[in-house]
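Residue numbers (our numbering): 7 to 312.
Here is the structure we will look at, set down as C-alpha cells.
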Ligand SMILES: Nc1nc2c(c(=O)[nH]1)N[C@H]1C(S)=C(S)[C@@H](COP(=O)(O)O)O[C@H]1N2
Ligand SMILES: [Mo]
C-alpha cells in the first residue's frame, strides 16, 4: 500500500490511541454482535492529524445506539436487524460529471486510497454526540481519481435499496433511497471521508457497511451509510431529510449552536455513555472544526443557509 505521509505522523508515533483499542473487548463485541468469527482482520491505517484527542466512545456504544432507518427507526433496530445485509460483493456506481464513470467494485474503488484512522467528534441533529475512531480515506482522493469534470458543483450520494435485507424499507417512513449531498468544495475538504471501518476493523453493518460518508462538521444525517451511488451534478441534489421536512432540515446542516432546530435547542449536547450525572456539553460551532471549514461559508448567512 503506497503510504503518503501528509502529516509527519507515522507508526513510530506510539500515540496513546493505541491503548484504547482493547482487543478482547473488540472480539467480545464482535461475537456478541453476531459476526461469528473473532478473526476479523485488522485494517492497517495511519494515524491522522485530523484526529481529536478526546476519548472515543466504546465499541458497544458506537454499535448499539444507531440511526439507520433502513433497519427501523429505533436506536437498537440497526444492531438487531442489520446482520443479514450482504456487503460482499459491493459495487458503487459513479456517474454524472465525471471523467471515468462506471460501476466500481469496492476493491477497485479503494485501490490507491490512503487509509487513515480519524478519531472524529460526531454530532447528531438530535443533540447527542459521540467520539468515533473511523477508518477511512479522503473523499477528495476518490473524486480526483475518477476525475471531476468542469461544471460539477455538487456531489450526490445514495444508499442501497434492498427491502429483502433492509426491513425498514418495507415502510414508507422515508422516500427511499436515502439520499445526501455536498457542495463540491465541502466534498473536497480534507475532513470529508469515506469510512470503511471503525476501531481498526471492517465497518459493522449497523454503522453503514461496507462504505459510508463521514462529514464531521455537519449533523450526523449528512453522513450517509451503505453507499451504492456517487453522482457529480451541476444542480443541488435532493436530500432525504430536507425532502421529508424542509423547515426542520436544511441542505447544509452544519452543526451550529446558534441556529436551533424548530423543536429543540442545538446549543448543548449529550455525550452518549457519559452517564446520567455528566451534564450536557456546549455544542461547538461546526462541531469544533471551524478552523478547517469556516472559510467554506464566507459570505453566507448560516441562519438562512442552515
Ligand atoms: N442510509 C442511511 N444513512 C444514515 C442514516 C439513515 O437512516 N440511513 N441515519 C443518519 C443519522 S440521522 C445519523 S445520526 C448517522 C448515525 O451514524 P451511526 O449509527 O454510525 O452513529 O447516520 C446517518 N446516515
Ligand atoms: Mo442523526
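For every residue, glycine included, the Cβ atom is placed at its ideal position computed from N, Cα and C.
According to DSSP, residue pairing for residue 99 in a beta bridge involves 109, 235. With a cut-off of 7 Å, the C-beta of residue 213 is classified as near ligand 1, since at least one heavy atom of the ligand falls inside that distance. By the rule of a C-beta closer than 7 Å to any heavy atom of ligand 2, the residues picked out are 73, 130, 131, 132, 225, 226, 227. Within the same chain, 226 come within 6 Å of residue 130 by CB-CB distance, once the 5 residues on both sides are set aside. Bounds of the alpha helix (DSSP H) holding residue 250 are 246-250. Between the alpha carbons of residue 158 and residue 65 lies a distance of about 38 Å.
In its chain, beyond the 5 residues on either side, 206, 207 have a beta carbon closer than 7 Å to the beta carbon of residue 48. The three-state secondary structure of residue 301, taken from DSSP, is helix. Distances from the alpha-carbon of residue 249 to those of 134, 163, 132, 185 put 185 closest. Annotation: the continuous alpha helix (DSSP H) that includes residue 152 extends over 145-152. CA-to-CA, the gap between residue 199 and residue 124 works out to about 9 Å. Pairing residue 133 with residue 272 gives a Cβ-Cβ distance under 8 Å.
Contact check for residue 192 against residue 91 fails: the beta carbons are separated by 8 Å or more. For residue 275, the CB contacts under 7 Å within the same chain, skipping 5 residues up- and downstream, are 129, 133, 134, 135, 286, 287, 289 in chain order.
Checking the 7 Å criterion, the Cβ of residue 282 is out of range of every heavy atom belonging to ligand 1.
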